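For the sequence shown, this note's numbering gives the first residue as 7, with consecutive numbering after it. From the three backbone atoms N, C-alpha and C, an ideal C-beta is built for every residue, glycine too. All figures in this text were calculated on a predicted structure; none of them were measured in a lab.
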Amino acid sequence: MNKTKEIGIRFGVLSPPIAEQLTEQGFTFDANKIATFEAHRDRLTHLRFADLLSDSVYDKVLQKLFAKIKNHVQDYSKLTPH
């Protein structure tokens, strides 16, 4: 039986760092790449609270960011021995 583990990331202001969330879920990843995604998350939050991004645009961008994180983790775990 092939069981695929779902990735879940919380993006709220009070959410833990992305790397911490992935580690708690047992995923492996390139720390530098995830740090870049974390920086993107921080910038998006700043833009949102500066009222430069509407909620709908913010949500769409977070969906894209999540897809990039998910693809990175999936690709990285294929390359890294378990």
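In the same chain as Leu68, and ignoring 5 residues on each side of it, the C-beta atoms closer than 6 angstroms to its own belong to Phe17, in chain order. Take the alpha-carbon of Lys70 and the one of Leu28: they are about 17 angstroms apart. Taking C-beta atoms as the reference points, Ile15 and Phe33 fail to come closer than 8 angstroms.
Counting every other CB atom within 10 Å of its CB across the protein chains shown gives Val19 a total below 16, marking it as exposed. Less than 8 angstroms separates the beta-carbon of Phe43 from that of Lys74.
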